[in-house]
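What follows is a single structure, written as structure tokens, with notes after it.
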Amino acid sequence: MADPLLLKIGEKIRKIRKLQGLTQEELAEKCGLSYKYLGEIERGEKNSGILNLFKIASGLSLSVADIVDIDPGVDGEDNNLKIEFLHFLSDKNAQDLKKALEVLKAVFE
71 MADPLLLKIG
81 EKIRKIRKLQ
91 GLTQEELAEK
101 CGLSYKYLGE
111 IERGEKNSGI
121 LNLFKIASGL
131 SLSVADIVDI
141 DPGVDGEDNN
151 LKIEFLHFLS
161 DKNAQDLKKA
171 LEVLKAVFE
């Protein structure tokens with residue numbers, strides 16, 4: 071079963087994409103992703119990862135915060151930590167994001 075947070079983010083991406091009049095193929099091309107992968111993200115079947123989430127946000131001319139719809143009434147502490155984490159990473163370049171991901175994987179695997 072898909073994670074509720076992934077479903078929520080995927081639904082938000084789909085809604086914004088359609089409001090902007092973009093097909094999956096068009097958005098995927100703008101983001102440098104395959105349209106099949108984008109579809110899986112929109113259905114909550116795949117975790118986009120932070121780098122791809124930034125690509126999708128850029129393709130939609132939005133910030134990651136605009137996509138990540140966070141409800142402060144649910145798991146408030148978790149959401150605050152996620153917001154802080156995303157805010158910290160928002161100004162980092164791709165190389166720094168890759169390093170951060172490597173460190174996180176090493177810590178949590």
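With the working numbering, the residue at position 16 of the sequence shown is 86, and numbering never jumps.
Here a beta-carbon is modelled for each residue, glycine too, at the ideal position from N, C-alpha and C.
Small disclaimer: the values here were computed from a predicted structure and weren't measured.
| Query | Result |
| --- | --- |
| Taking C-beta to C-beta, are I137 and K175 nearer than 9 Å? | no |
| So, at 6 Å on beta carbons, what are the nonlocal neighbours of L130 in its own chain, with the 5 sequence-adjacent residues on each side left out? | I86 |
| Going by the CB atoms, is the gap between Y105 and E95 shorter than 9 Å? | yes |
| Would you mind stating whether N122 and C101 have Cβ atoms separated by less than 9 Å? | yes |
| Are there 16 or more other CB atoms within 10 angstroms of the CB of G119, so buried, or fewer, so exposed? | exposed |
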